[in-house]
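Per my numbering: the sequence shown ends with 278, consecutive numbering throughout. Heads up, the thing below is written out as structure tokens.
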Amino acid sequence: MGNSETRRKAASLRNKQIRAKIPVSAYSAGERPRFVADCMLGKLAKWLRIAGFDVLYSNRFSDDELIALSNSEGRILLSLDSRLLVRKAVTNFIYMESRDLQDQIRQILDCTHARKFLSPLSRCLECNEPLTDVPPESVHNRVPAYVFKTQSHFKLCPGCRKIFWSGSHRSSIFRVLESLSPGERSGFPTSTHEKH
Ligand SMILES: [Zn+2]
């Protein structure tokens, strides 16, 4: 038996073990799920934040740190790594079986029943902090003059102090999110904002 065959068999065994350990009702439909994503899933983490979810991500988290954050904070561990997920200490997780971003988001929304919690652009994409509304006069000197003149709603990230406002990319972000959650359009807020 060649090396690649051995690896393939080992991977297939891990996949079986991972499937066997997922409890039937693992993900409560009642509350907004929170996540911690492995270092391969930076893009997914960003999109989940765009969709309004609390996602911890760092490309410096070790496997032990990922597991500790998942267990101590009740976060669903998102990972592509079956070697990580077969570990006994991992109890709350979603095994990302596709490398395609849209498939990944769809898989997460399907198994956590979290479509009703979609709240696009309510969270800072870099810091993961929820954004807060700020009065326009408070950002007068912090945004370009044309933005101040044409926008009426501004939000602030309490972490990095960046100002967000509605912008030209808004419709494309919404289109992507809507394509992932057909029929849920009414769940989207009407006011939004975006990083400049
Ligand atoms: Zn921020």
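For every residue, glycine included, the Cβ atom is placed at its ideal position computed from N, Cα and C.
Given residue i, which residues of its chain have a CB within under 8 Å of its CB, disregarding the five upstream and five downstream residues?
i, result
"N141", "C121 and G124"
"E87", "none"
Output needed for residue i: all residues of its chain with C-beta closer than 6 Å, excluding positions within five of it in sequence on either side, in chain order.
i, result
"R205", "R131, G134 and P212"
"R114", "F199"
"D145", "L166"
Express the C-alpha separation of residue j and residue i in angstroms, rounding to a whole number.
i, j, result
"Y109", "H195", "8 Å"
"K244", "K231", "18 Å"
"D192", "R224", "40 Å"
"G84", "R197", "45 Å"
"Q233", "V137", "29 Å"
"Y228", "T173", "50 Å"
"F236", "F246", "6 Å"
I'd like the span of the beta strand (DSSP E) that includes residue i, first residue to last.
i, result
"F246", "I245 to W247"
"T173", "Note, T173: premise wrong, no beta strand (DSSP E); not H, not E."
"Y109", "No beta strand (DSSP E) contains Y109, which DSSP labels as neither H nor E."
"F236", "F236 to L238"
What whole-angstrom Cβ distance do residue i and residue j have, given they're in contact under 8 Å?
i, j, result
"Y139", "S161", "Between S161 and Y139 the Cβ distance is about 12 Å, and since that is not below 8 Å, they are no contact."
"V118", "L159", "6 Å"
"A102", "S164", "Between S164 and A102 the Cβ distance is about 12 Å, and since that is not below 8 Å, they are no contact."
Looking only at its own chain, which residues have a Cβ that is under 7 Å from the Cβ of residue i, when we skip the five neighbours before and after it?
i, result
"N97", "S164"
(Q) For the structure I just gave you, are there three or more beta carbon pairs, one from the segment 207-227 and one from the segment 144-157, closer than 8 Å? (A) no
(Q) Measuring CB atoms only, is the segment 232-250 touching the segment 163-178, in the sense that at least three cross pairs come out at less than 8 Å? (A) no
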